[in-house]
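So the sequence lines, in the order shown, correspond to chains X and E.
Following the numbering used here, the numbering of the first sequence begins with 17 at its first residue and continues without gaps.
Following the numbering used here, the numbering of the second sequence begins with 509 at its first residue and continues without gaps.
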Amino acid sequence: MAHSNSRRHFMATSVQSVGLAALGGMLWSGYTDSVKASPLVLRPPGALKEEDFLTACIKCGLCAEACVNRETNIDKETGKARPGTLQMAKGGDALLIGTPFFVPTEVPCYMCEDIPCVPVCPSGALDMSSLLNEKEELDINKASMGLAVVHKESCIAFWGIQCDACYRACPVLDVAITLEYQKNDRTGKHAYLLPVVHDNACTGCGLCEQACVTEKPAIFVLPNDIAKGKAGDHYVKGWDMQDQERVKNAQGKETTTDRSKKTADEYLNMEVEY
Amino acid sequence: MKHIKYLLLRRTTQISLMCLYFAANAYGWHILEGTFGTSYLFGTVPLADPYTTVQVLATGFVLGTDVLLGAAIITVFYFVIGGRAFCAWVCPINMVTDLSNWIRRKLNLDKEEVNYRFIKRSARYWIMVVGLLVSAFVGVAAFEVVSPITIMQRGIVFGFGMGAAVILTIFLFDLFGVKNGWCGHLCPLGAAYSIIGSKSLVRVKHDHVACTDCMDCKVVCPENQVLHMINKESISVTDGECTNCGRCVDVCNDDALEFGIRQFVKN
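Next up, the structure:
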């Protein structure tokens, strides 16, 4: 009897342990999955795609330490370091805790030539190879932390007031942001100087956002995933040889619907139901 | 002083290490940079937490060689000196839970009737395994999302924010909830280090002839199940869950406990 009792006890506690582990595991998975979902965040230069970055980052903070203690950040008068660009997400930041990020209006990325934050990354979450130019040198202009977007209704340059604060602040001057001249029809004799951001050159450093003079910046950096659209493979620039290359191996796909089974004069005369 | 020798040594070690980590960020010192996830000693020797490393590997991400090397160095180090020496000598949460425990004893909360023992000490091993499964399933190192250890360490280095609430939670849980609740029952990092150090060289030795059965050691020990030999057998404390904190050595009035080297050959 003792034997069967102990076996029953063992079975019961085993089942209980496994059950509790499953319960805990599910709660834990749910929580972990939900804290992953914070796409509105700017990461350091060279960061992998957000999903991969969250997997790879070991949350050591070496990038943030390299950022704040870089030589160019030491205040010459006091000899002390100013606040660094990179912050480590804390509880309450609504980001995956312990991961590095930056907020341009607080401290933008100054695009250091030697990129101190990236080579120190031990895990590979900040990918140095993505920042190498043709000469295999670190080149901060290769960074793509995000994309600056202009809200033209609050940008005073679009009102006709002359302001080129973002244009002047841009480290990739006259390339990432250019000024487009347009005639101001309201006055008939003035020009608009409109800031236009160019995706292929903008690194997402946020110096424009910090420089913007409006109460809430009219130019701001958004993560690439949020700021950028995608035309898809079925739109091809027929005049661009390189773009043709892009869809060289595109596969055709024919979809059949109830409507497409009919002939043209049949379906064109059908009433449309919404 | 004799009665707090190892306690003082531990506090000195813990606080000095945290100061070095803090100074790496605040003043750019290159003595001990980073956090437990990965650190660099003197700017060159990588150190990495083995459990954190395994969690990231469980997601399928191939970590940089420095992290893997760092994890190997830490594993070998604690394999020799006792895995949970990390818990007692390095981890900042230890100071929080030790404070809980001290107040608990002062408030007489330490008695069995006011101690809710609804968690088993083995829970931590389950949590350790579940942590790896969740990491693999969700694709993010799961314990790092909630770990009070790194939250506290990053708090010291980079500022706490709301992370302080997590530390307070642990403090209250250990004080009013389960005795040694976090470190002794739940922490998967401690579980991992228990396994790493289960065959370690440095161990506390008991001399049962000298022992007067006062049980001071069992009162003060955060893992007192490892002291099963007290006044029974003259053997070493070989259980991996012993944190090598040395509090038992400190409080023993009979010189019946002392650090020594594990005997591999039985007499």
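We put the beta carbon where it would ideally sit given N, CA and C, even for glycine.
All figures in this text were calculated on a predicted structure; none of them were measured in a lab.
Asked: Residue-chain proximity (X/S276, chain E), Cβ-Cβ < 8 Å; Found: no
Asked: Of the residues E/S547, E/D763, E/E749 and E/T658, the one placed nearest E/E731, counting alpha carbons only; Found: E/E749
Asked: Burial state of X/G35 (16 or more Cβ within 10 Å); Found: exposed
Asked: Beta-carbon neighbours of X/D143, restricted to chain C and to distances below 8 Å; Found: Checking the listed chains, one finds no chain C in this structure; the protein chains it contains are X and E.
Asked: Given E/F645 as reference, the closest of X/A28, X/G46 and X/C228 once Cα atoms are compared; Found: X/G46
Asked: Residues near E/I589 by beta carbon distance below 8 Å, same chain, minus five either side; Found: G705, S708, L709, V710 and N752
Asked: Chain E within 8 Å of X/N85, Cβ atoms only; Found: yes
Asked: X/T340: first and last residue of the uninterrupted alpha helix (DSSP H) it sits in; Found: This structure cannot settle anything about residue 340 of chain X, because the visible part of chain X is limited to 17 through 290.
Asked: Rounded separation between X/Q103 and X/C137 - CA only; Found: 15 Å
Asked: Own chain, CB closer than 6 Å to X/V191, minus 5 neighbours either side, in chain order; Found: A217
Asked: Separation of X/I242 from X/G268, as counted between CA atoms; Found: 28 Å
Asked: Every unbroken alpha helix (DSSP H) within the segment 643 to 712 of chain E, with a cutoff of 4 residues, ordered by chain; Found: 650 to 654, 656 to 666, 672 to 684 and 696 to 704
Asked: Beta-bridge partners of X/F26, as assigned by DSSP; Found: For X/F26, which the question treats as bridged, DSSP gives no partner whatsoever.
Asked: Cβ contact (3+ pairs, closer than 8 Å) linking the segment 213 to 230 of chain X and the segment 115 to 131 of chain X; Found: yes
Asked: Best match in E/N609, E/Y559 and E/F587 for proximity to E/V575 [C-alpha to C-alpha]; Found: E/Y559
Asked: X/E289 versus X/R275 - alpha carbon distance; Found: 12 Å
Asked: Chain E residues whose Cβ lies nearer than 8 Å to that of X/K92; Found: Those within 8 Å of X/K92 in chain E number zero; the least Cβ separation is about 15 Å.
Asked: Span of the alpha helix (DSSP H), counted from its first residue to its last, around E/G578; Found: T573 to I589
Asked: 9 Å Cβ cut-off: residues of chain E touching X/K264; Found: None at all; the shortest Cβ gap to chain E is about 31 Å.
Asked: Backbone secondary structure at E/S547 - three-state DSSP; Found: strand
Asked: Cβ pair count under 8 Å reaching 3, the segment 519 to 538 of chain E against the segment 82 to 101 of chain X; Found: yes
Asked: Interface flag, X/S170 vs chain E, CB-CB below 8 Å; Found: no
Asked: Helix, strand or coil at E/L617 [DSSP, three-state]; Found: coil
Asked: Residues of the segment 58 to 76 of chain X whose Cβ lies closer than 8 Å to any Cβ of chain E, in chain order; Found: E67, D68, L70, T71, A72, I74, K75 and C76
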